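J.: Per numbering that gives the first Met the number 0, the sequence shown starts with residue 0, numbered consecutively.
The structure that follows is given in the form of structure tokens.
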Amino acid sequence: MRWLAAVLLSLCLSACFTAGKRGGESPLAIYDFGPAPSSLLSTPRKQPIALEVRAPLWFDSLGIDYRLAYVDQARLREYARARWAGPPAQLIQQRLSQQLGYVMAGQSQTRCLVRVEITEFSQVFTTPEVSNGVLQGRVLLLDRSRRQVAEFPLALEKPAPSSDARGGVGALTATVEQLAVDLVGWEKMLLEREASLACFG
0 MRWLAAVLLS LCLSACFTAG KRGGESPLAI YDFGPAPSSL LSTPRKQPIA
50 LEVRAPLWFD SLGIDYRLAY VDQARLREYA RARWAGPPAQ LIQQRLSQQL
100 GYVMAGQSQT RCLVRVEITE FSQVFTTPEV SNGVLQGRVL LLDRSRRQVA
150 EFPLALEKPA PSSDARGGVG ALTATVEQLA VDLVGWEKML LEREASLACF
200 G
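Written out as structure tokens, the structure reads:
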């Protein structure tokens, strides 16, 4: 009977370790942002612009994070059977480079750097059935000496089509797509400022 008790104990412990995470014993699902969309630039850049995306360590793992705001909005959770294909900061950097023609920071000589600082990148549930992908942080434009030229805050939300990891990924992908569009508009606005002409002019 000892072996039976040991088996039952191991099953109970396994259930405890998976408790609190959305998802069951389904196969592990790996997500990225999907195939790269077309470039948002109408003309090539006159000067290359470097891009750097930063995120806190707790948002830069492979876990797909969510919050149950109706229970405890300060508690960060992650799906048990779903993962990002790479750290979100790297995925965001890759997607923005594909759409906006940025070069990776440190790979070539550039006059200026666009730095995206992510402070929130998660699926937030306001009820058990309603959730949004949330991307928060700020974007900085830094000159050759890495002095700040301009800044704008990020507070993007997109509704999730379903209350699971796939829905969260879809909503978070949509926030990154919106960020790319917003960056294009930001650059156009900065072109009207003399201080930014050295970067975008």
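Beta carbons: idealized from backbone N, C-alpha and C, even for Gly.
Here the structure is a predicted model, which means the values were calculated and not measured.
Identify, in the order they occur along the chain, each residue of the same chain with its Cβ nearer than 8 Å to the Cβ of Leu95, setting aside the five sequence neighbours on each side.
T.: Here residue 95 refers to the residue found at position 96 of the sequence shown. Hits under 8 Å: Leu50, Val52, Tyr101, Val115, Val175, Leu178, Ala179 and Leu182.
J.: Does the beta-carbon of Asp71 have 16 or more other beta-carbons within 10 angstroms, so that it is buried, or is it exposed?
T.: Position 72 of the sequence shown, counted from the first residue, corresponds to residue 71. Counting Cβ neighbours within 10 Å, Asp71 comes out exposed, since fewer than 16 surround it.
J.: Exposed or buried, what is Thr109 when buried is set at 16 or more other beta-carbons lying within 10 Å of its beta-carbon?
T.: Residue mapping note: residue 109 aligns to position 110 of the sequence shown, counting from 1. Result: buried.
J.: Quick check on DSSP: helix, strand or coil for Thr125?
T.: Counted from its first residue, the sequence shown places residue 125 at position 126. It is coil, neither helix nor strand.
J.: Output yes or no for whether 8 Å exceeds the beta carbon distance between Ala170 and Gly132.
T.: Here the question's residue 170 lines up with position 171 in the sequence shown. Here the question's residue 132 lines up with position 133 in the sequence shown. Yes, the Cβ-Cβ distance between Ala170 and Gly132 is below 8 Å.
J.: Using a Cβ-Cβ cutoff of less than 6 Å, which residues in the same chain neighbour Asp59 once the five nearest sequence positions on both sides are dropped?
T.: The count along the sequence shown starts at 1 and reaches residue 59 at position 60. If we look at Asp59 and ignore the five residues flanking it on each side, its Cβ neighbours are Pro86 and Ala88.
J.: In whole angstroms, what is the alpha-carbon distance linking Ala154 and Glu128?
T.: On the sequence shown, residue 154 is found 155 positions in, with the first residue counted as 1. On the sequence shown, residue 128 is found 129 positions in, with the first residue counted as 1. If you take the alpha carbons of Ala154 and Glu128, they lie about 22 Å apart.
J.: Starting from Glu176 and walking both ways along the alpha helix (DSSP H), at which residues does that stretch end?
T.: For the purposes of this step, residue 176 is taken as the residue at position 177 of the sequence shown. That run of the alpha helix (DSSP H) goes Ala164 to Leu189.
J.: With distances taken between CB atoms, is the gap from Phe32 to Leu67 smaller than 8 Å?
T.: Within the sequence shown, numbered from 1, the residue matching residue 32 stands at position 33. Within the sequence shown, numbered from 1, the residue matching residue 67 stands at position 68. Contact flag unset, no.
J.: Please identify the residue among Ala173, Glu119 and Tyr78 whose C-alpha is closest to the C-alpha of Arg137.
T.: In the sequence shown, counting from the first residue as 1, residue 137 sits at position 138. For the residues Ala173, Glu119 and Tyr78, the minimum Cα distance to Arg137 belongs to Glu119.
J.: Tell me whether Gln177, by its Cβ, gets closer than 7 Å to a heavy atom of the ligand ZN.
T.: Among the components of this structure there are no ligands whatsoever, and the ligand ZN is therefore not found.
J.: Find the nearest neighbour of Cys198 within the set Pro158, Asp163 and Leu140, judged by alpha-carbon distance.
T.: Position 199 of the sequence shown holds residue 198. Looking at the Cα atoms, Leu140 is the closest of the given residues.
J.: Secondary structure at Arg192, three-state DSSP: helix, strand or coil?
T.: Sequence index remark: in the sequence shown, residue 192 carries index 193 (1-based). In this structure, Arg192 counts as coil in the three-state DSSP scheme.
J.: Beta carbon of Tyr78, beta carbon of Ile63: below 8 Å?
T.: Residue numbering aside, residue 78 sits at position 79 when the sequence shown is read from its first letter. Residue numbering aside, residue 63 sits at position 64 when the sequence shown is read from its first letter. For Tyr78 and Ile63, yes; Cβs fall inside 8 Å.
J.: Let me know if Glu186 comes out buried or exposed under the rule of 16 or more other beta-carbons within 10 Å of its beta-carbon.
T.: Locating residue 186 in the sequence shown gives position 187, where the first residue counts as 1. Classification for Glu186: buried.
J.: DSSP three-state label for Val65, please.
T.: Within the sequence shown, the letter at position 66 stands for residue 65. Contrary to the premise, residue 65 reads as Tyr rather than Val in this sequence. Residue state, collapsed to three classes: strand.
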